[in-house]
Amino acid sequence: MSFSVEVLAGIAIELQRGIGHQDRFQRLITTLRQVLACDASALLRYESRQFIPLAIDGLAQDVLGRRFTLEGHPRLEAIARAGDVVRFPADSDLPDPYDGLIPGQESLKVHACVGLPLFAGQNLIGALTLDAMTPEQFEVFSDEELRLIAALTAGALSNALLIEQLESQNILPGASDAFEPRKETHMIGLSPAMMQLKKEIEIVASSDLNVLIGGGNGDR
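Residue 125 in full-length UniProt numbering sits at position 125 of the sequence shown, with consecutive numbering throughout.
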């Protein structure tokens with residue numbers, strides 16, 4: 001079994017659907033788990049020598065609230081340092097960060113594990129992790145196919161992080177409106193009632209008085 005054009009197109013489409021990044025990432029992770037027939041998949045963001053889960057499928061829900069440091073998780077450290085697809089041997093002595101975290105199989109150890117580091121240029125921004133209880137689960141997928149998945153995901157994650165950065169700096173289109181000087185507005189109308197209203201407003205404008213203006217003709 002290998003990825004067909006339809007499968008890759010479907011993954012790309014999932015990255016464009018949804019109303020927000022979180023929804024898109026969740027769709028992606030769910031799709032990957034189905035396509036690869038694995039027991040668990042996760043999208044992690046890399047920041048300050050730790051991986052932060054953004055979306056998971058097949059793992060205990062509390063994984064989303066965890067932080068996986070490189071020092072405490074040697075497999076994740078290996079993924080962060082590799083720069084390419086990482087396939088861990090089924091008999092690897094390195095503990096899997098998700099051992100005991102696959103619902104219904106808490107007492108079993110994860111056997112097959114693949115890690116895909118995600119880059120924006122030369123910078124590590126995250127990782128995809130794929131886990132299965134069957135040792136040979138990922139042998140039918142080539143490294144090149146997995147690299148394509150990593151590239152698609154890295155692009156989506158990079159865009160999401162860029163948008164987050166721009167929003168925090170208030171430089172996205174529309175985000176700077178609150179900082180722009182408000183345009184001067186004018187009261188329209190030259191009727192006797194409107195002219196009287198303007199005059200009264202001018203009188204109280206420089207004072208500390210509170211004035212209530214109501215009614216269609218400016219009744220006070």
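The C-beta atom is built at its ideal place from N, Cα and C for all residues, glycine as well.
Of the residues the options, which one's Cα is nearest the Cα of residue i?
i	options	result
V85	A150, L44, L157	A150
S158	R33, L32, Y46	Y46
A82	D99, I56, V114	V114
L28	E136, P74, P103, A156	A156
K109	Q122, L118, F119, T134	T134
F122	A112, E200, A80	Looking at the sequence shown, residue 122 is not Phe but Gln. Per the Cα distances, A80.
D57	Q34, L118, L148, R66	Q34
F119	F138, L148, Y98, P97	L148
For my contact list, residue i and residue j are in at a C-beta cut-off of 8 angstroms; report their separation, rounded to the angstrom.
i	j	result
A130	L36	According to the sequence provided, residue 130 is Leu. The question's Ala does not apply to it. With a Cβ gap of about 6 angstroms, L130 and L36 count as contacting.
L101	V63	6 angstroms
F68	F51	4 angstroms
L70	R49	5 angstroms
A90	H111	5 angstroms
Can you tell me the Cα-Cα spacing of residue i and residue j, whole angstroms?
i	j	result
E202	Q196	10 angstroms
D78	C38	According to the sequence as given, residue 78 is Ala; it is not Asp. For A78 and C38, the distance between alpha carbons rounds to 21 angstroms.
Q26	A160	14 angstroms
residue 221	E167	There is no way to answer for residue 221, as the model of the chain reaches only from 1 to 220.
A154	L116	10 angstroms
L128	S92	19 angstroms
residue 222	A132	The structure shown has nothing for residue 222, since the chain only spans 1 to 220.
D177	D23	Any reading at D177 must be qualified, since the residue scores a pLDDT of 44, below 50, and its modelled position is unreliable; the value itself is stated next. If you take the alpha carbons of D177 and D23, they lie about 28 angstroms apart.
E136	D143	14 angstroms
E164	G65	20 angstroms
A60	S41	11 angstroms
P103	R75	21 angstroms
Quick check on DSSP: helix, strand or coil for residue i?
i	result
S41	strand
G121	coil
T134	coil
D96	coil
E47	strand
A127	strand
residue 223	Nothing about residue 223 can be reported from this structure: the residues present for the chain run from 1 to 220 only.
A60	coil
Who pairs with residue i in a beta bridge, going by DSSP?
i	result
R87	V114
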